[in-house]
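Trainee: Take a look at the following structure, please.
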Amino acid sequence: ASFGKGMLNPNAPIDISADNFTADANAKTGLYTGNVVVHQGEVALRANTMRAQFVNDKPSRINAQGKVVIDAPSGIATGDNGVYDVNPRIITLTGNVVLTKDKNVMRGRQLVVNLITGLATLDGGEGKGGRVQALFSPSSEPSDTQKP
Amino acid sequence: MTRRDEVKSAVAQPLPGPSGEVEAEKKPKTVLPPVLPRIAPARDWAQGQRLKAMDALRYSRFVSVMKGILPIAAVVLLASVVAYSVMPRQKDRTIGVQQRGNLARDLTMTKSSFTGVDDKGNPYKITFAELVQDPTDKNKKRASLKQIDADMQFENQSWVNATAAHGWIDGEAGILKLDGGISIFTDNGYQLHTTAATAYIHQNVIESDTPVEGHGPLGRFRADRFHADRIKKEVKLSGHVHMTLIPQKASKK
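The listed protein sequences correspond, in order, to chains A and B.
Residue numbers are given in the numbering used here: position 37 of the first sequence equals residue 39, and the series is strictly consecutive.
Residue numbers are given in the numbering used here: position 158 of the second sequence equals residue 161, and the series is strictly consecutive.
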């Protein structure tokens with residue numbers, strides 16, 4: 003499924019806001035807790051907590067836990083956990099994943115979104131017969147071609 | 004004939020005024036009947052001229068007095084200079100200190116610095132423009148500080164520099180309160196700025212309740228409060244934390 007167009011500027015800075023942040027210099031990680039929101043360009047990632055790993059002073063990976071939401075102009079996806087691999091700009095949502103685009107809803111076990119290409123892959127995994135469920139609503143306004 | 008009489012007789016005759024007429028003394032004007040011709044008074048001395056003469060007299064007397072006094076004053080001055088240079092110096096200057104009253108009680112040090120090593124052998128150096136010891140403290144371990152500049156090096160040769168406008172230290176309790184604007188710099192390029200902070204020296208902790216902002220290689224950050232623990236190597240930011248991180252360039256996958 004297409005999650006919409008890719009990011010306009012994939013190298014945009016990453017803005018993170020939270021109630022608290024703890025930097026662990028030994029582990030080179032930073033833990034954000036309380037209403038954590040990550041913005042990069044036009045995409046936002048929300049969660050209760052996020053732990054960022056840094057390599058050479060650059061964020062390399064962000065693990066999100068608890069009510070994870072990807073909020074993009076073309077749709078919203080929610081899941082229990084999420085991982086943002088920063089260099090390839092790929093977000094992976096796992097656990098009760100629900101992808102909503104306009105009135106269409108899709109459920110699955112794992113959603114992988116490529117922010118550069120805008121491509122999203124939803125797979126059902128083993129649970130519940132390992133199948134993806136989708137609900138497409140035909141658009142309510144009759145299009146011009148369907149004149150009575 | 005005394006000097007005064009000589010002067011008086013010399014100036015008795017009034018001199019004619021600018022119009023050639025002899026100026027009458029300034030008495031209340033009595034209107035004479037127009038018929039009688041005005042008779043000019045005998046040559047009377049004008050007040051102006053008499054004043055000038057008195058001045059001259061006074062000045063000459065001043066000069067003669069000064070001729071006497073000045074040499075004596077010069078001699079006295081010279082004598083005191085010589086006496087002072089010969090006088091033995093007081094070794095302990097106790098007189099000087101007592102005269103200034105309570106300075107002896109609150110010890111002031113200016114432009115001083117402390118150097119030492121912490122419990123792990125890491126060297127530190129603290130310099131300050133002024134340190135005034137707290138006179139009320141029996142243990143003599145409390146003092147207020149001005150313009151503090153502290154450098155500390157760590158095991159991995161990294162270092163931290165901290166500056167503050169004012170400070171107050173309790174050596175016994177191991178508490179250093181800093182305010183008036185604090186800046187912290189680290190050798191790996193981080194800067195942190197806040198208004199006030201408290202360092203708990205024995206616990207190796209420094210924290211602040213005033214907004215803090217900073218930047219470094221990772222990016223920029225700000226928060227309402229911060230707490231840094233040197234032993235745990237942990238920095239906590241809390242309250243409206245906001246960070247801007249600069250990611251690596253996107254890699255095509």
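Using N, Cα and C, we set each Cβ at its ideal position, and we do this for glycine too.
For a test of the three-state rule: what should DSSP assign to B:K149, helix, strand or coil?
Mentor: Numbered from 1 along the second sequence, position 146 holds the residue referred to as residue 149 of chain B. Here B:K149 sits in strand by DSSP.
Trainee: Going by the beta-carbon positions, is the gap between A:G110 and A:V85 smaller than 7 Å?
Mentor: Residue numbering aside, residue 110 of chain A sits at position 108 when the first sequence is read from its first letter. Residue numbering aside, residue 85 of chain A sits at position 83 when the first sequence is read from its first letter. The answer is no: Cβ separation not under 7 Å.
Trainee: Can the beta-carbon of B:S211 be found less than 7 Å from the beta-carbon of B:A202?
Mentor: On the second sequence, residue 211 of chain B is found 208 positions in, with the first residue counted as 1. On the second sequence, residue 202 of chain B is found 199 positions in, with the first residue counted as 1. Contact flag unset, no.
Trainee: So which residues of chain B does A:R91 contact, with C-beta pairs closer than 7 Å?
Mentor: Mapped onto the first sequence, residue 91 of chain A falls at position 89. Here the neighbours are A253.
Trainee: Beta strand (DSSP E) containing B:S161: first to last residue?
Mentor: Taking the first residue of the second sequence as position 1, residue 161 of chain B is located at position 158. Looking at the DSSP string, B:S161 is not in any beta strand (DSSP E), and its letter there is neither H nor E.
Trainee: For B:R233 and B:V208, I'd like the C-alpha separation in whole angstroms.
Mentor: Working through the second sequence from its first residue, we reach residue 233 of chain B at position 230. Working through the second sequence from its first residue, we reach residue 208 of chain B at position 205. Looking at the two C-alpha atoms, the distance is approximately 6 Å.
Trainee: If you draw a straight line from the C-alpha of B:A86 to the C-alpha of B:A176, how long is it?
Mentor: Mapped onto the second sequence, residue 86 of chain B falls at position 83. Mapped onto the second sequence, residue 176 of chain B falls at position 173. Residue confidence for B:A86 is low, a pLDDT of 49 falling below 50, so the modelled location carries little weight; the figure read from the coordinates is stated next. Taking the straight line from one Cα to the other gives about 54 Å.
Trainee: Quick one: does B:L248 have its CB under 7 Å from some CB of chain A?
Mentor: Translated into positions along the second sequence, residue 248 of chain B becomes position 245. Answer yes: the Cβ-Cβ gap between B:L248 and chain A drops below 7 Å somewhere.
Trainee: Would you mind sorting B:I187 into buried or exposed? The rule is 16 or more other CB atoms within 10 Å of its CB.
Mentor: Sequence index remark: in the second sequence, residue 187 of chain B carries index 184 (1-based). Counting the other CB atoms within 10 Å of its CB gives B:I187 a total of 16 or more, which places it among the buried residues.
Trainee: Helix, strand or coil for B:V120 per DSSP?
Mentor: Locating residue 120 of chain B in the second sequence gives position 117, counting from the first residue. Looking at B:V120 - three-state DSSP - the assignment turns out to be strand.
Trainee: Do you know offhand how far A:D104's Cα is from A:P140's?
Mentor: The residue given as residue 104 of chain A occupies position 102 in the first sequence. The residue given as residue 140 of chain A occupies position 138 in the first sequence. Rounded to whole angstroms, A:D104 to A:P140 spans 11 Å at the Cα level.
Trainee: Tell me the rounded alpha-carbon separation between B:S115 and B:E237.
Mentor: The residue you call residue 115 of chain B lines up with position 112 of the second sequence. The residue you call residue 237 of chain B lines up with position 234 of the second sequence. Rounded to the nearest angstrom, the two C-alpha atoms are 31 Å apart.
Trainee: What is the rounded straight-line gap between the Cα of B:R228 and the Cα of A:E44?
Mentor: If you number the second sequence from 1, residue 228 of chain B lands on position 225. If you number the first sequence from 1, residue 44 of chain A lands on position 42. Distance between the alpha carbons of B:R228 and A:E44 is about 29 Å.
Trainee: Less than 6 Å between C-beta atoms, sequence neighbours within five positions excluded: which residues of the same chain meet that for A:G97?
Mentor: Along the first sequence, read from residue 1 onward, the residue named residue 97 of chain A stands at position 95. Same-chain partners within the cutoff: G81, D82, N83.
Trainee: Note down, in chain order, every chain A residue with its Cβ under 9 Å from the Cβ of B:E237.
Mentor: As a working note, residue 237 of chain B is residue 234 in the second sequence. Chain A residues near B:E237: T24, A25, D26, A27, N28.
Trainee: Within 10 angstroms of the Cβ of A:N22, are there 16 or more other Cβ atoms? Answer buried if so, exposed if not.
Mentor: Residue 22 of chain A sits at position 20 when you count from the first residue of the first sequence. A:N22 should be labelled buried.
Trainee: Taking C-alpha atoms, which residue in A:V40, A:K30, A:L113, A:V107 lies nearest to A:D125?
Mentor: As a position in the first sequence, residue 125 of chain A is number 123, starting the count at 1. Per the Cα distances, A:L113.
Trainee: Mind checking if B:V163 is an interface residue toward chain A, Cβ cutoff 7 Å exclusive?
Mentor: Here residue 163 of chain B is taken as the residue at index 160 of the second sequence, counted from 1. Cβ-Cβ to chain A under 7 Å: no for B:V163.
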